[in-house]
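> Position one of the sequence shown corresponds to residue 1 (this note's numbering), numbered consecutively onward.
Backbone N, C-alpha and C fix where the C-beta goes; we use that ideal spot for every residue, glycine too.
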Amino acid sequence: MTEGTAELRSDRGVAELRSAPRHDTGQDAAATQPETDADVAAEGAQLAEAIGRVVQGKPDVVRLALVVLLAEGHLLIEDVPGVGKTTLAKALARTIDGTVRRIQFTPDLLPSDVTGVAVYDQESRAFEFKPGAVFANVVVADEINRASPKTQSALLECMEERQVTVDGVTYELARPFMVVATQNPLEMEGTYPLPEAQRDRFTARVSMGYPDREAELAMLGGRATVDPLTALTPVLDAARVRTLVAAVGRLHVAEPLRQYVVSLVEATRRSPDLRLGASPRAGLQLLRAARATAALAGRDHVLPDDVQAMAVPVLAHRLLLTPDAALARRDAQRVVTDLLTTVPVHGGR
Numbered sequence: 001m002t003e004g005t006a007e008l009r010s011d012r013g014v015a016e017l018r019s020a021p022r023h024d025t026g027q028d029a030a031a032t033q034p035e036t037d038a039d040v041a042a043e044g045a046q047l048a049e050a051i052g053r054v055v056q057g058k059p060d061v062v063r064l065a066l067v068v069l070l071a072e073g074h075l076l077i078e079d080v081p082g083v084g085k086t087t088l089a090k091a092l093a094r095t096i097d098g099t100v101r102r103i104q105f106t107p108d109l110l111p112s113d114v115t116g117v118a119v120y121d122q123e124s125r126a127f128e129f130k131p132g133a134v135f136a137n138v139v140v141a142d143e144i145n146r147a148s149p150k151t152q153s154a155l156l157e158c159m160e161e162r163q164v165t166v167d168g169v170t171y172e173l174a175r176p177f178m179v180v181a182t183q184n185p186l187e188m189e190g191t192y193p194l195p196e197a198q199r200d201r202f203t204a205r206v207s208m209g210y211p212d213r214e215a216e217l218a219m220l221g222g223r224a225t226v227d228p229l230t231a232l233t234p235v236l237d238a239a240r241v242r243t244l245v246a247a248v249g250r251l252h253v254a255e256p257l258r259q260y261v262v263s264l265v266e267a268t269r270r271s272p273d274l275r276l277g278a279s280p281r282a283g284l285q286l287l288r289a290a291r292a293t294a295a296l297a298g299r300d301h302v303l304p305d306d307v308q309a310m311a312v313p314v315l316a317h318r319l320l321l322t323p324d325a326a327l328a329r330r331d332a333q334r335v336v337t338d339l340l341t342t343v344p345v346h347g348g349r
């Protein structure tokens with residue numbers, strides 16, 4: 001692996017990675033342990049409070065990051081440089097006591113730096129697999145759109161199937177596994193647009209935005225000499241996150257609500273403003289995000305409001321506008337918002 005490409009954020013993670021099974025031996029043994037009762041709302045509030053000490057004035061952004069974590073998905077953070085994209089990604093990673101790796105995406109980054117490579121061992125006269133930076137619970141992909149499309153595609157299998165295949169051998173990734181990627185706007189120099197297949201693998205996209213005046217004043221006063229990330233300690237371990245994810249997956253979803261999700265997805269495919277609508281994967285991710293939203297609110301069932309709250313962050317980044325819609329200065333977020341007003345909720349509330 002290229003020196004400086006990947007940065008390990010947990011010393012304990014080194015030992016875990018070296019001792020982990022290197023072949024596709026099935027699910028993690030910890031994942032088979034009996035589940036305990038989980039208060040998703042209370043423990044989610046603890047995570048939000050810890051991250052909020054670092055990412056100030058952005059409670060909605062922090063909440064969306066937690067939704068993606070509990071939905072067992074991946075998060076894309078997009079905005080101009082300097083507004084805290086990497087800070088949010090690092091803060092989320094540090095609140096989980098698991099293995100964390102950071103990859104700085106650059107034009108010269110190679111796919112093998114991400115996934116790993118098989119190296120010939122002279123002593124054993126056999127090839128030995130050297131794991132790449134994706135072998136962690138949380139992978140921070142910083143400025144993902146500064147790497148070439150070839151390197152970007154190295155994450156496709158990891159994000160969808162939670163595994164890596166190198167030289168015909170498949171290696172399972174640890175659970176939970178989450179990619180938190182940051183990217184700069186495409187009009188900035190040195191960026192490559194993410195392909196549709198990769199954007200579709202991100203559960204949600206969020207824009208940080210500039211902080212309000214009070215948050216920025218607090219930043220200038222409190223961060224002049226101390227980085228709040230250094231004082232951030234883990235709130236949950238990886239096993240506990242698996243328990244919360246399983247609890248979210250058991251939340252009740254009524255059949256009319258499933259029909260509502262499908263209707264929203266189908267509406268994007270019929271919209272005259274879009275040349276590419278949402279995929280079936282988008283509908284699945286929307287339902288998972290709605291479940292996580294309901295769990296964080298302390299409910300054991302999903303409401304239409306949960307689906308509507310997640311529709312824009314989950315669907316908008318997957319859609320492609322028609323040339324006419326782009327010329328009319330419409331954007332995907334506005335299209336999704338308009339569809340929410342036209343698609344009826346099946347069976348009422």
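What's the call for Arg94, buried or exposed, on a 16-neighbour Cβ count within 10 Å?
Numbered from its first residue, the sequence shown carries residue 94 at position 94. By the 10 Å Cβ count, Arg94 comes out buried.
> Between Leu64 and Ala215, what straight-line distance do the alpha-carbon atoms span, to the nearest angstrom?
Working through the sequence shown from its first residue, we reach residue 64 at position 64. Working through the sequence shown from its first residue, we reach residue 215 at position 215. When rounded, the distance between both Cα atoms is 19 Å.
> For Val335, which residues in the same chain have their Cβ closer than 7 Å to its Cβ, ignoring the five residues on either side in sequence?
Taking the first residue of the sequence shown as position 1, residue 335 is located at position 335. Ser271, Asp273, Leu274 and Leu319, listed in sequence order.
> Within its chain, find whatever has a CB closer than 7 Å to the CB of Asp300; leave out the 5 residues flanking it on each side and keep chain order.
Here residue 300 refers to the residue found at position 300 when the sequence shown is read from its first residue. So the qualifying residues of the chain are Leu251 and His252.
> The beta strand (DSSP E) with Arg205 in it runs from where to where?
As a first step, residue 205 is located in the sequence shown; it is residue number 205 there, counting from the start. First-last of the beta strand (DSSP E) with Arg205: Ala204 to Val206.
> Using the DSSP secondary-structure output, state which residues sit across from Asp324 in a beta bridge.
Reading the sequence shown from its first residue, position 324 is the one you call residue 324. For Asp324, which the question treats as bridged, DSSP gives no partner whatsoever.
> Which whole runs of the alpha helix (DSSP H) in the segment 39 to 63 are 4 residues long or more, in chain order?
Taking only runs of at least 4 residues, the alpha helix (DSSP H) segments lying wholly in the segment 39 to 63 are 40 to 52.
> Can you check whether the CB of Val166 is closer than 7 Å to the CB of Phe136?
What you label residue 136 is simply residue 136 of the sequence shown in a count that begins at 1. What you label residue 166 is simply residue 166 of the sequence shown in a count that begins at 1. Here the sequence assigns Ala to residue 136, which means Phe is not the residue at that position. Not a contact, by the Cβ cut-off of 7 Å.
> Which residue's Cα is closest to the Cα of Ala106: Thr115, Thr191, Lys85 and Leu92?
Here residue 106 corresponds to residue number 106 of the sequence shown, with the count starting at 1. Reading off the sequence, residue 106 comes out as Thr, not Ala. Measuring from the Cα of Thr106, the nearest candidate turns out to be Thr191.
> State the DSSP-derived secondary structure class of Ala350, mapped to helix, strand or coil.
Examination of residue 350 is not possible in this model, given that the chain is present from 1 through 349 alone.
> I need the straight-line Cα distance from Leu75 to Glu123, nearest angstrom please.
Numbered from 1 along the sequence shown, position 75 holds the residue referred to as residue 75. Numbered from 1 along the sequence shown, position 123 holds the residue referred to as residue 123. Whole-angstrom Cα-Cα distance: 42 Å.
> Whole-angstrom Cβ separation of Pro111 and Ala181, contact assumed at under 8 Å?
Reading the sequence shown from its first residue, position 111 is the one you call residue 111. Reading the sequence shown from its first residue, position 181 is the one you call residue 181. 16 Å between Cβ atoms; not a contact.
> Specify the secondary structure class of Pro111 as computed by DSSP and reduced to three states.
As a position in the sequence shown, residue 111 is number 111, starting the count at 1. Of the three classes helix, strand and coil, the one that applies to Pro111 here is helix, per DSSP.
> Secondary structure at Pro344, three-state DSSP: helix, strand or coil?
The residue you call residue 344 lines up with position 344 of the sequence shown. Residue state, collapsed to three classes: coil.
> Tell me the residue span of the beta strand (DSSP E) that contains Ala126.
Taking the first residue of the sequence shown as 1, we reach residue 126 at position 126. Segment Ala126 to Pro131, the beta strand (DSSP E) holding Ala126.
> Where does Arg162 sit, in a helix, a strand or coil, going by DSSP?
Translated into positions along the sequence shown, residue 162 becomes position 162. DSSP places Arg162 in coil when its eight states are reduced to three.
> Asp200 and Ser279 - do their beta-carbons sit closer together than 7 Å?
On the sequence shown, residue 279 is found 279 positions in, with the first residue counted as 1. On the sequence shown, residue 200 is found 200 positions in, with the first residue counted as 1. For the pair Ser279 and Asp200, the CB atoms are nearer than the 7 Å cut-off.
> Rounded to whole angstroms, how far is the Cβ of Arg242 from the Cβ of Pro176, which I believe are closer than 8 Å?
Looking up residue 242 in the sequence shown gives position 242. Looking up residue 176 in the sequence shown gives position 176. Right, the Cβ-Cβ distance comes to about 6 Å (below 8 Å), so this counts as a contact.
> Output needed for Val54: all residues of its chain with C-beta closer than 7 Å, excluding positions within five of it in sequence on either side, in chain order.
Locating residue 54 in the sequence shown gives position 54, where the first residue counts as 1. Same-chain partners within the cutoff: Thr87, Ala91, Pro228, Leu229 and Leu232.
> Look up Leu274 in the DSSP assignment and give the residues it is bridged to.
Residue mapping note: residue 274 aligns to position 274 of the sequence shown, counting from 1. DSSP output for Leu274 lists Leu321 as bridge partner(s).
> Between which two residues does the beta strand (DSSP E) harbouring Val169 extend?
To locate residue 169, count along the sequence shown from 1; it is residue 169. Per DSSP, Val169 belongs to the beta strand (DSSP E) from Val169 to Glu172.
> Could you name the residues of the same chain whose beta carbon sits closer than 6 Å to that of Glu35, not counting the 5 residues immediately before and after it, in chain order?
As a first step, residue 35 is located in the sequence shown; it is residue number 35 there, counting from the start. In this prediction, Glu35 has a pLDDT of 40, which is less than 50 and means its spatial position is unreliable; nothing more can be read from the coordinates.
> Between the Cα of Arg258 and the Cα atoms of Val179, Val134, Thr268 and Leu287, which residue gives the shortest distance?
Here residue 258 is taken as the residue at index 258 of the sequence shown, counted from 1. Minimum Cα distance to Arg258 is reached at Leu287.
> What are the residues that DSSP puts in a beta bridge with Val100?
By 1-based counting over the sequence shown, the position of residue 100 is 100. Answer is Val138.
> Beta carbon of Ala294, beta carbon of Ala71: below 7 Å?
Counted from its first residue, the sequence shown places residue 294 at position 294. Counted from its first residue, the sequence shown places residue 71 at position 71. Result no, Cβ atoms of Ala294 and Ala71 do not sit closer than 7 Å.
> Is it buried or exposed for Gln46, if we count other Cβ within 10 angstroms and need 16 for buried?
Against the sequence shown, residue 46 aligns to sequence position 46. The residue in question, Gln46, is exposed, as its Cβ has fewer than 16 Cβ neighbours within 10 Å.
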